[in-house]
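In numbering that gives the first Met the number 0, the protein residues as written are 0 to 487. Taking it in order: structure first as structure tokens, then the write-up.
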Amino acid sequence: MDSTTIIATFDFTDAPHGLYDLKVINPNGDTAVVPYRFLVERAIEPDVTIGLGGPRVILAGDQATYSVALQSISNLDTPYTYFEVGVPQLNINPIVYGLPYLNFYTNVRGTPEGAAGSANASVPWVQMEAITNTIGQLAASGFIYDLAADGFGGFTFNVETYPGLEELHDQAFDQFRARMAAQFPDLDDKLANGPGGIADWWEALKAKADEMAPGLGAAMNQIDFVKMYNENEAVPNDCIIPFIPFRFHIYATSTSMTRDEYVAFQSQKARDLRTALFEADDAPASLLALAAREDQWVDLYLAALEEAELLRPEGEVPPIRTQQHIVSLMSIIASGILFGPGGTEIRSDGDLLGFFEKVRELYGHDQDRMAEIEYWDPRESECYEGEVPVPAIPELEDYDLGCRRTRTSSRSASTCRGCRSRTVATACRWNSRSTVPSRWTATSSLRSISRATCPATPVAPGVWRPSPARRPTTRKAGCRSARRCPTR
Numbered sequence: 000m001d002s003t004t005i006i007a008t009f010d011f012t013d014a015p016h017g018l019y020d021l022k023v024i025n026p027n028g029d030t031a032v033v034p035y036r037f038l039v040e041r042a043i044e045p046d047v048t049i050g051l052g053g054p055r056v057i058l059a060g061d062q063a064t065y066s067v068a069l070q071s072i073s074n075l076d077t078p079y080t081y082f083e084v085g086v087p088q089l090n091i092n093p094i095v096y097g098l099p100y101l102n103f104y105t106n107v108r109g110t111p112e113g114a115a116g117s118a119n120a121s122v123p124w125v126q127m128e129a130i131t132n133t134i135g136q137l138a139a140s141g142f143i144y145d146l147a148a149d150g151f152g153g154f155t156f157n158v159e160t161y162p163g164l165e166e167l168h169d170q171a172f173d174q175f176r177a178r179m180a181a182q183f184p185d186l187d188d189k190l191a192n193g194p195g196g197i198a199d200w201w202e203a204l205k206a207k208a209d210e211m212a213p214g215l216g217a218a219m220n221q222i223d224f225v226k227m228y229n230e231n232e233a234v235p236n237d238c239i240i241p242f243i244p245f246r247f248h249i250y251a252t253s254t255s256m257t258r259d260e261y262v263a264f265q266s267q268k269a270r271d272l273r274t275a276l277f278e279a280d281d282a283p284a285s286l287l288a289l290a291a292r293e294d295q296w297v298d299l300y301l302a303a304l305e306e307a308e309l310l311r312p313e314g315e316v317p318p319i320r321t322q323q324h325i326v327s328l329m330s331i332i333a334s335g336i337l338f339g340p341g342g343t344e345i346r347s348d349g350d351l352l353g354f355f356e357k358v359r360e361l362y363g364h365d366q367d368r369m370a371e372i373e374y375w376d377p378r379e380s381e382c383y384e385g386e387v388p389v390p391a392i393p394e395l396e397d398y399d400l401g402c403r404r405t406r407t408s409s410r411s412a413s414t415c416r417g418c419r420s421r422t423v424a425t426a427c428r429w430n431s432r433s434t435v436p437s438r439w440t441a442t443s444s445l446r447s448i449s450r451a452t453c454p455a456t457p458v459a460p461g462v463w464r465p466s467p468a469r470r471p472t473t474r475k476a477g478c479r480s481a482r483r484c485p486t487r
């Protein structure tokens with residue numbers, strides 16, 4: 000590395016265990032010996048632990064940054080370390096102006112090292128979105144390559160609550176439109192002519208909400224969003240505030256893999272991709288031809304990963320790294336196509352961003368697929384009664400890859416059997432955020448849940464409905480707007 004630092008890889012296979020002297024020979028022939036400096040001991044199979052760091056409470060409309068740290072707990076370099084982090088998809092809150100409960104962002108991307116100097120050098124890998132939703136969790140997954148013995152790796156992600164709430168509060172239409180365009184791009188044309196399009200946009204959003212979950216759009220009929228916006232009512236007002244706090248989990252999992260386990264993992268991804276290609280209506284004919292035989296398709300996929308330097312040939316010495324090398328799973332799957340025989344046609348088409356989205360679609364991504372709901376938390380104000388979903392915590396079994404080295408960490412929801420903490424989104428006016436009022440801190444949201452207080456039956460994912468014991472969200476009698484209503 001420089002005149003004072005040398006990084007090297009040694010093969011101590013079959014070397015006798017014990018302490019060894021370290022001898023350094025300089026170019027001029029001078030030598031120096033440090034006795035008993037190097038220990039050769041029994042190899043510990045690759046293993047990794049993972050941890051999460053970040054706030055437990057996020058104010059409504061704010062963003063929080065979380066860090067993920069992975070540490071090798073082996074005395075050998077780990078060639079392939081799989082990780083996954085995620086949060087539940089809760090879709091939108093029908094009472095809080097139809098805004099999404101949360102957004103999830105991450106800096107996990109990654110460029111295959113084999114792209115340099117190849118036909119794929121100009122591929123915009125940084126624009127390959129890593130986040131997918133296949134089971135109701137917004138998840139980012141990928142691999143850290145060649146994690147050093149006792150070494151660390153890591154990355155960050157962000158969680159934002161109620162995107163667009165601050166812009167509504169500030170009555171900043173252009174900024175609000177930009178936030179909503181990111182959430183609902185197909186509805187952006189409704190706001191193209193300015194605030195006059197709010198009514199059409201709101202109706203279109205209600206229709207989209209019903210597509211997300213039956214009954215969700217009908218629940219949005221309880222608030223007069225257009226009147227609220229046109230009359231510049233306070234955002235949020237006292238009728239809305241009780242519906243703002245909600246709870247969600249954050250999970251992280253990691254698995255160390257040998258080369259054989261990594262090959263088996265990627266081979267299964269290749270088979271899943273092949274199945275998705277046959278089920279797709281618009282799959283490229285060239286890829287369908289390559290996928291005609293399963294064994295040939297898997298071999299081509301693995302060969303493409305070798306070409307991308309995402310799979311080392313067996314027995315090859317790993318490279319010396321001074322920085323961590325992280326590649327998202329979506330970039331790896333895209334590499335399995337772009338570095339293969341079908342890559343030329345895809346690159347020549349020119350729509351690589353469209354190809355990236357197609358990869359996520361073939362993987363099974365559905366942005367609106369809702370998380371499994373454990374129970375619904377009842378809320379009420381002087382205007383409305385309703386419920387807020389509490390997502391079911393993921394189980395370790397759902398993320399066990401069968402490698403016997405899967406670790407998990409979570410800031411997660413309490414289950415009926417425990418009292419682990421949740422991350423909580425709370426309400427607080429922007430001009431009062433230096434001192435959070437106690438009535439907005441939602442301390443009850445952090446209570447432990449016992450078996451007796453849990454609902455008898457969980458709610459199926461993708462269905463918006465209150466628990467049988469309570470009626471749907473309604474405006475109380477005599478309340479004709481979203482303003483504070485008198486008690487009746």
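Glycine residues also receive a C-beta, built at the ideal position from the N, C-alpha and C atoms.
Endpoints, alpha helix (DSSP H) assigned at residue i
{"i": "serine 285", "result": "284-289"}
{"i": "histidine 168", "result": "164-168"}
{"i": "glutamate 305", "result": "293-306"}
{"i": "arginine 378", "result": "Not the alpha helix (DSSP H): arginine 378 falls in the beta strand (DSSP E), residues 372-379."}
{"i": "alanine 181", "result": "172-182"}
{"i": "lysine 205", "result": "197-211"}
{"i": "threonine 343", "result": "342-348"}
{"i": "serine 330", "result": "328-337"}
Top-ranked residue by Cα proximity to residue i, from the options
{"i": "cysteine 402", "options": "Thr252, Trp200, Leu164", "result": "Thr252"}
{"i": "leucine 352", "options": "Gln126, Asn132, Ala139, Asp223", "result": "Gln126"}
{"i": "proline 78", "options": "Pro45, Glu128, Asp145, Leu98", "result": "Asp145"}
{"i": "threonine 155", "options": "Ala68, Gln170, Gln295", "result": "Ala68"}
{"i": "tyrosine 104", "options": "Val158, Asn74, Gly141", "result": "Val158"}
{"i": "serine 380", "options": "His248, Leu301, Asn236, Ala181", "result": "Asn236"}
{"i": "threonine 160", "options": "Phe9, Lys268, Pro244", "result": "Pro244"}
{"i": "isoleucine 239", "options": "Asp173, Gly196, Asn229, Leu164", "result": "Leu164"}
{"i": "glycine 314", "options": "Ile336, Lys268, Gln265, Arg258", "result": "Arg258"}
{"i": "leucine 395", "options": "Trp201, Tyr250, Ile143, Tyr19", "result": "Tyr250"}
{"i": "leucine 361", "options": "Thr343, Ser347, Asp367, Ile332", "result": "Ile332"}
Cβ pair residue i, residue j closer than 7 Å
{"i": "serine 330", "j": "tryptophan 124", "result": "yes"}
{"i": "glutamate 384", "j": "tryptophan 375", "result": "no"}
{"i": "isoleucine 91", "j": "phenylalanine 242", "result": "no"}
{"i": "threonine 80", "j": "valine 47", "result": "yes"}
{"i": "arginine 359", "j": "threonine 131", "result": "yes"}
{"i": "phenylalanine 338", "j": "alanine 303", "result": "yes"}
{"i": "alanine 14", "j": "valine 23", "result": "no"}
{"i": "glycine 341", "j": "leucine 286", "result": "yes"}
{"i": "phenylalanine 355", "j": "isoleucine 345", "result": "no"}
{"i": "leucine 75", "j": "alanine 148", "result": "yes"}
{"i": "proline 45", "j": "serine 255", "result": "yes"}
{"i": "valine 225", "j": "alanine 198", "result": "yes"}
{"i": "glutamine 170", "j": "asparagine 231", "result": "yes"}
{"i": "tyrosine 335", "j": "tyrosine 300", "result": "Residue identity check: residue 335 is glycine in the sequence provided, not tyrosine. It is a contact, given that the beta carbons lie within the stated cut-off."}
Terminal residues of the beta strand (DSSP E) in which residue i lies
{"i": "glutamine 265", "result": "Run containing glutamine 265: none in the beta strand (DSSP E); it sits in the alpha helix (DSSP H), 258-278."}
{"i": "phenylalanine 103", "result": "101-105"}
{"i": "valine 39", "result": "30-39"}
{"i": "valine 84", "result": "77-87"}
{"i": "tyrosine 383", "result": "383-390"}
{"i": "valine 47", "result": "47-52"}
Any C-beta of chain B under 7 Å from that of residue i
{"i": "isoleucine 392", "result": "No chain B is part of this structure, which consists of one protein chain only."}
Whole-angstrom C-beta distance between residue j and residue i, which should lie under 8 Å
{"i": "leucine 167", "j": "arginine 176", "result": "In fact, because the Cβ distance is near 11 Å, the residues do not count as touching under 8 Å."}
{"i": "isoleucine 372", "j": "proline 388", "result": "5 Å"}
{"i": "alanine 370", "j": "glutamine 136", "result": "6 Å"}
{"i": "glutamate 83", "j": "alanine 129", "result": "With a Cβ gap of about 10 Å, glutamate 83 and alanine 129 do not count as contacting."}
{"i": "proline 162", "j": "leucine 98", "result": "7 Å"}
{"i": "proline 390", "j": "phenylalanine 247", "result": "6 Å"}
{"i": "valine 39", "j": "glycine 17", "result": "6 Å"}
{"i": "glycine 216", "j": "aspartate 223", "result": "In fact, because the Cβ distance is near 15 Å, the residues do not count as touching under 8 Å."}
{"i": "histidine 364", "j": "threonine 133", "result": "6 Å"}
(message) Check whether the region 272-290 and the region 302-315 touch, using three or more Cβ-Cβ pairs below 8 Å as the test.
(response) Counting Cβ pairs under 8 Å, fewer than three are found: no touch.
(request) Taking 8 Å as the threshold, find out whether the region 115-124 comes into contact with the region 84-100 through three or more Cβ pairs. (result) With the cut-off at 8 Å, the region 115-124 and the region 84-100 do not touch.
(request) Indicate whether the contact test is met: 3 or more Cβ pairs, each with one atom in the region 60-76 and one in the region 190-209, closer than 8 Å. (result) No: the two stretches stay apart, fewer than three of their Cβ pairs being nearer than 8 Å.
(request) Count the C-beta pairs between the region 314-328 and the region 284-298 that are closer than 8 Å, then say yes if the count reaches three, no if not. (result) No: fewer than three Cβ pairs fall under 8 Å.
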